Amino acid sequence: MGECHYQSGNYEAMIIAEICRQVLKDVGVNPERMVLEWASAAEAPRFVELITRYVSAVKAIGPLGSAEGEDKEAIIRMHLKAGVKAASARKVRTALGKLAKDIKKSGDYNPQIISDGVTKKVFPAFREERLAQEIQICLAETGPCKSADISEKTGGDIKEIGKILETLSRKELVKKQGSNWYGIGN
Amino acid sequence: MTGGVFNPHILGFFCHWCCYAAADAAGVSRYQYPPNVRVIRVMCTGRIDLRFILEAFGCGADGVFTGG
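Chain order of the listed sequences is A and B. Here our numbering is used: the first residue of the first sequence is 28, the next is one more, and so on. Here our numbering is used: the first residue of the second sequence is -6, the next is one more, and so on.
This is the structure we're talking about:
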């Protein structure tokens, strides 16, 4: 740490790693599958040790999907697909950028501060965006369904889903007819 | 999965100035390490995006190693 060629690049990476851990945990993937390690250019033996340890750790965890639980693979795949889209969403990116800027200004890259900042400022925006994406994927794939079905499929709380459905219908991306929701477009 | 042994697919994001150089040095000095890591060189670990990592898992990576 502190040896970065670009001065603060590795501190910025700590913020990304933290949001990534929280997101993976949220979608049901073991967060230990993603690690952030430091090895300077002169530390080849240390690098070899880190890689060896990490590869055996992943081997112990097992393959992605089947190791996270029975028949979880399809649902994790959907979460990840929606997650990729959510990670590109403007709201999430501005939240992340703002947090990174604030932390850089304060100059305090304490892991606890990063973790709290991410939990409070970035993660909620990401989760909302991910669920919104999943609702749209869900409606496009299975056709009209009730909000309870969507909640069950996406693993979101029914109140949370209801709120997001309202927002989406205001943007005219979904439509309600009777007790069923329809996707518009895609 | 070959012959019942689980060989994880691991994606590595290595910083050009640190970990990538360390990996290079490890190769030159003939250190042995597991061949499961496929490397993507980035100019800085700060360049890595949440999207890259999620996409890696979405494409079937069993792990992502970020080295700076």
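All residues carry an ideal CB built from backbone N, CA and C; glycine is no exception. Computed from a predicted model, the values in this text were never measured in an experiment.
Buried or exposed for residue i, going by 16 or more other Cβ atoms inside 10 Å?
i: residue 174 (chain A); result: buried
i: residue 61 (chain B); result: buried
i: residue 121 (chain A); result: exposed
i: residue 163 (chain A); result: buried
i: residue 28 (chain B); result: exposed
i: residue 204 (chain A); result: exposed
i: residue 38 (chain B); result: buried
i: residue 41 (chain A); result: buried
i: residue 209 (chain A); result: exposed
i: residue 5 (chain B); result: buried
i: residue 39 (chain A); result: buried
i: residue 21 (chain B); result: exposed
Out of the options, which one is the CA nearest neighbour of residue i?
i: residue 78 (chain A); options: B:58, B:54, B:44; result: B:58
i: residue 71 (chain A); options: B:2, B:10, B:-1; result: B:10
i: residue 53 (chain B); options: A:105, A:76, A:97; result: A:105
i: residue 89 (chain A); options: A:142, A:110, A:63, A:56; result: A:56
i: residue 17 (chain B); options: A:65, A:74, A:64; result: A:74
i: residue 76 (chain A); options: B:-3, B:32, B:34, B:19; result: B:19
i: residue 8 (chain B); options: A:192, A:143, A:35; result: A:35
i: residue 166 (chain A); options: A:108, A:211, A:147, A:146; result: A:211
i: residue 149 (chain A); options: A:31, A:32, A:30, A:44; result: A:44
i: residue 63 (chain A); options: B:43, B:2, B:-1, B:0; result: B:43
i: residue 200 (chain A); options: A:178, A:169, A:160, A:168; result: A:160
i: residue 50 (chain A); options: A:131, A:65, A:153; result: A:153
When the Cα atoms are used, what is the spatial distance from residue i to residue j?
i: residue 37 (chain A); j: residue 187 (chain A); result: 35 Å
i: residue 156 (chain A); j: residue 182 (chain A); result: 14 Å
i: residue 93 (chain A); j: residue 13 (chain B); result: 31 Å
i: residue 112 (chain A); j: residue 195 (chain A); result: 16 Å
i: residue 135 (chain A); j: residue 184 (chain A); result: 35 Å
i: residue 60 (chain A); j: residue 129 (chain A); result: 28 Å
i: residue 15 (chain B); j: residue 50 (chain B); result: 25 Å
i: residue 180 (chain A); j: residue 53 (chain A); result: 14 Å
i: residue 84 (chain A); j: residue 58 (chain A); result: 12 Å
i: residue 86 (chain A); j: residue 1 (chain B); result: 6 Å
Under DSSP, the beta strand (DSSP E) around residue i begins and ends at which residues?
i: residue 31 (chain B); result: 30 to 35
i: residue 8 (chain B); result: 3 to 8
i: residue 108 (chain A); result: From DSSP, residue 108 (chain A) is part of no beta strand (DSSP E) but of the alpha helix (DSSP H) over 100 to 114.
i: residue 204 (chain A); result: 201 to 204
What residue range is occupied by the uninterrupted alpha helix (DSSP H) comprising residue i?
i: residue 59 (chain B); result: Residue 59 (chain B) -> not in any alpha helix (DSSP H); beta strand (DSSP E) instead, spanning 56 to 60.
i: residue 12 (chain B); result: 12 to 21
i: residue 211 (chain A); result: Careful: residue 211 (chain A) lies outside any alpha helix (DSSP H) and carries neither H nor E.
i: residue 62 (chain A); result: No alpha helix (DSSP H) holds residue 62 (chain A); the beta strand (DSSP E) holding it covers 61 to 64.
i: residue 86 (chain A); result: 71 to 88
i: residue 190 (chain A); result: 185 to 197
i: residue 139 (chain A); result: 138 to 144
i: residue 132 (chain A); result: 117 to 133
For a cutoff of 9 Å on Cβ pairs, would you count residue i as touching chain E?
i: residue 174 (chain A); result: Of the chains in the structure shown, none is chain E; the protein chains are A and B.
Problem set entry | Residues within the stretch 65 to 79 of chain A neighbouring chain B, beta-carbon criterion of under 9 Å | 65, 66, 67, 68, 69, 70, 71, 72, 73, 74, 75, 76, 77, 78, 79
For this session: Using a Cβ-Cβ cut-off of less than 8 Å, list which residues of the stretch 38 to 55 of chain A approach chain B; keep chain order.
Result: 38, 39, 40, 43, 44, 46, 47, 50, 51
Problem set entry | Near-chain B residues of the stretch 107 to 124 of chain A - C-beta to any C-beta below 7 Å | 107, 108, 110, 111, 114, 115
Exercise. According to a CB-to-CB cut-off of less than 8 Å, which residues of the stretch 49 to 60 of chain B neighbour chain A?
Worked result: 50, 51, 53, 54, 55, 56, 57, 58, 59, 60
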